[in-house]
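Before any comments, here is the structure.
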Amino acid sequence: MTFYGGTELASVYDDALDSGFGLIASNIAEPNTMIGLIQGAAQADSDLLLQMSNGACTFAGNGDPIAGLRVMGNYIERIAAQYDIGVFLNMDHQTDLDTIQRQVELEIPSSIMIDASHEEFEENVARSSRVVEMIDQADADILVEAELGKIKGVEDEIVSENAFYTDPEQAVEFVDRTGCDLLAISVGTQHGVAKGKDLELKPDLTEEIRTALRDHGLDTPLVLHGSSGVQPDQLQEMLTHGICKVNKDTRYQYEYTRTAFDLYREEPDEIVPPEGVDDHRDTFFNDVEWAPNKDRFDPRVAGRNIRDRIAEVYADLAEVSGSAGRSKFN
Numbered sequence: 000m001t002f003y004g005g006t007e008l009a010s011v012y013d014d015a016l017d018s019g020f021g022l023i024a025s026n027i028a029e030p031n032t033m034i035g036l037i038q039g040a041a042q043a044d045s046d047l048l049l050q051m052s053n054g055a056c057t058f059a060g061n062g063d064p065i066a067g068l069r070v071m072g073n074y075i076e077r078i079a080a081q082y083d084i085g086v087f088l089n090m091d092h093q094t095d096l097d098t099i100q101r102q103v104e105l106e107i108p109s110s111i112m113i114d115a116s117h118e119e120f121e122e123n124v125a126r127s128s129r130v131v132e133m134i135d136q137a138d139a140d141i142l143v144e145a146e147l148g149k150i151k152g153v154e155d156e157i158v159s160e161n162a163f164y165t166d167p168e169q170a171v172e173f174v175d176r177t178g179c180d181l182l183a184i185s186v187g188t189q190h191g192v193a194k195g196k197d198l199e200l201k202p203d204l205t206e207e208i209r210t211a212l213r214d215h216g217l218d219t220p221l222v223l224h225g226s227s228g229v230q231p232d233q234l235q236e237m238l239t240h241g242i243c244k245v246n247k248d249t250r251y252q253y254e255y256t257r258t259a260f261d262l263y264r265e266e267p268d269e270i271v272p273p274e275g276v277d278d279h280r281d282t283f284f285n286d287v288e289w290a291p292n293k294d295r296f297d298p299r300v301a302g303r304n305i306r307d308r309i310a311e312v313y314a315d316l317a318e319v320s321g322s323a324g325r326s327k328f329n
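Laid out in structure tokens, this is it:
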């Protein structure tokens, strides 16, 4: 693949830890968002971490997640080759070990996130460790991200809100026992085990976790999920405390649909018949007074606008995260 593997991605995270910046990990499910992100990263001179969930792979593969990974992997490879930046692919929120095994065998991803965060602590450790073992046994150039949220020893029926923040000392135990390369933590963002809980964002907790890890000789990059409501100043504070990867998905979904909507609502009479005019779409408007404008309804028109908008959004996010101007591969 002409996009890069785990070794190169680890070197970007090392730089991020040293310099206090992070990669915006950007979810994709189809080509327009992906191309816009690569264009935006190139404009910002930022290395780019793309992400695909199992649902996104299933969508791209018309129901077959492995086919979707192959298709999008090839697509990323061809487009990434056009630009002088590092492009990586993370498999986001993977829960099925058999699917992860197939991903490891394909050696397409740069990293894989095993999400067993809803399991009890020991099961989370076991499943996360198993993924590390899979990759070691295959000698694959793939990093492993795991997630730790709900603290161990807490029963669901007596759970408190504090139980959904990552405990620093437990994070040390988890990383030490699993051997994961990155750790997604819960510091009050609305995601994973904390989703739907009325939690206060605690940027200082990232520093406590980072310090505990380093005190035990573990220089592990930290990951922030559910960042849609995190303000730029809060994000920048956490980036100085070991957050090296920040996930974004919902923002791009909205920008995609909003951009197409804005295009079509500018001149709706070029897309749909005005009030009182019959809609002849079944005969495609042969010998009728009104017909739609192909210069407006051609999907490539909206597609280009979507790519441009996604590129603009990503470039702005790269500035906030500090990755702009830092590509290792240009």
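Residue numbers for the sequence shown follow numbering that gives the first Met the number 0, beginning at 0 and rising by one.
Using N, Cα and C, we set each Cβ at its ideal position, and we do this for glycine too.
On a predicted model such as this, the values are computed, not experimentally measured, just so you know.
Item	Value
Alpha carbon to alpha carbon, how far is T6 from D268?	53 angstroms
What does DSSP give as the partner residue(s) for Q38 in the beta ladder?	The partner list for Q38 (beta bridge, DSSP) is empty, contrary to what the question assumes.
Excluding the 5 residues preceding and the 5 following I34 in the sequence, name in chain order all residues of the same chain whose CB lies nearer than 7 angstroms to its CB.	I78 and R306
For F173, which three-state DSSP category applies?	helix
Thinking just about the alpha-carbon of each residue, which of F120, R264 and P64 is nearest to the one in Q146?	As written in the sequence, residue 146 is Glu, which differs from the Gln given in the question. It is F120.
Excluding sequence positions up to five away, which residues of its chain have a Cβ less than 8 angstroms from the Cβ of Y318?	Correcting the residue identity first, residue 318 is Glu in this sequence and not Tyr. Excluding positions up to five away in sequence, the list reads A43.
Just to confirm my understanding: we take E154, look at its own chain, exclude 5 residues before and 5 after, and list those with CB closer than 8 angstroms. What are they?	Unreliable positioning characterises E154 in this predicted model, as indicated by a pLDDT of 38, which lies under 50. The coordinate reading is nonetheless provided below. Closer than 8 angstroms at the Cβ level, and outside the excluded window around E154, lies no residue.
Rounded to the nearest angstrom, what separates L88 and V143 at their Cα positions?	12 angstroms
Measure the C-alpha to C-alpha separation of G152 and L221 and round it to an integer number of angstroms.	Caution applies to G152, whose pLDDT of 41 falls short of 50 and renders its modelled position unreliable; the value that the coordinates give is listed next. Their backbone Cα atoms lie some 23 angstroms apart in a straight line.
Quick check: what's the CA-CA separation for A193 versus N73?	For A193, the predicted model reports a pLDDT of 44, less than 50, meaning its position is unreliable; a value from the coordinates is still stated below. Their backbone Cα atoms lie some 35 angstroms apart in a straight line.
List, from N- to C-terminal side, the beta strand (DSSP E) runs of 3 residues or more that fit wholly inside the stretch 62-120.	86-93 and 110-113
Pick helix, strand or coil for C243, following the three-state DSSP scheme.	strand
So, under 8 angstroms CB-CB, G85 and D46 are touching, yes? Tell me the CB distance rounded to an integer number of Å.	4 angstroms
Quick one: what's got a C-beta closer than 8 angstroms to G19's C-beta in the same chain, skipping five residues either side?	L238, T239 and G321
Quick one: which unbroken alpha helix (DSSP H) runs of 4-plus residues sit fully inside the stretch 0-28? Chain order, please.	5-18
Which runs of the alpha helix (DSSP H), 4 residues or longer, sit entirely within the stretch 201-269?	202-214, 231-238 and 249-265
Could you give the DSSP three-state label for V271: helix, strand or coil?	coil
Determine the DSSP secondary structure at A290, reduced to helix, strand or coil.	coil
If you draw a straight line from the alpha carbon of M0 to that of N285, how long is it in whole angstroms?	The predicted position of M0 is uncertain, since its pLDDT is 47 and thus under 50; no value can be drawn from it.
Checking 8 angstroms against the spacing of the C-beta atoms, do N31 and D91 come in under that value?	no
Using C-beta distances below 6 angstroms, list every residue in its chain close to R176, excluding the 5 sequence neighbours before and after it, in chain order.	V124
Does DSSP put A137 in a helix, in a strand, or in coil?	helix
Suppose you measure from the CA of K327 to the CA of R299; what does that come to, to the nearest Å?	33 angstroms
Please classify A323: is it buried, with 16 or more other beta-carbons within 10 angstroms of its beta-carbon, or exposed?	buried
CB F58 to CB A28, shorter than 8 angstroms?	yes
With distances taken from CA atoms, which of Q102, D140 and L96 is nearest R129?	L96
Is the beta carbon of R204 less than 8 angstroms from the beta carbon of V186?	Here residue 204 is Leu; the residue named in the question, Arg, does not match the sequence. Contact flag set, yes.
So what does DSSP say about E144, is it helix, strand or coil?	strand
What is the C-beta distance between S109 and I141, in whole angstroms, given that I count them as a contact (C-beta under 8 angstroms)?	7 angstroms
Tell me whether H117 is buried or exposed, calling it buried when 16 or more other Cβ atoms sit within 10 Å of its Cβ.	exposed
On the DSSP bridge list, what partners appear for I305?	The partner list for I305 (beta bridge, DSSP) is empty, contrary to what the question assumes.
Between T98, Q50 and G275, which lies nearest to T249 when the distance is taken from Cα to Cα?	Q50
Enumerate in chain order the residues of its own chain whose CB-to-CB distance from R336 is below 6 angstroms, with the five nearest sequence positions on each side excluded.	Since the first and last residues shown for the chain are 0 and 329, residue 336 lies out of range.
What does DSSP give as the partner residue(s) for A183 in the beta ladder?	E146 and V222
Compare the C-alpha of A259 against each of R308, E274, D232 and A290 and name the closest.	R308
Using a threshold of 8 angstroms, state whether the C-beta atoms of N329 and L262 are closer than that.	no
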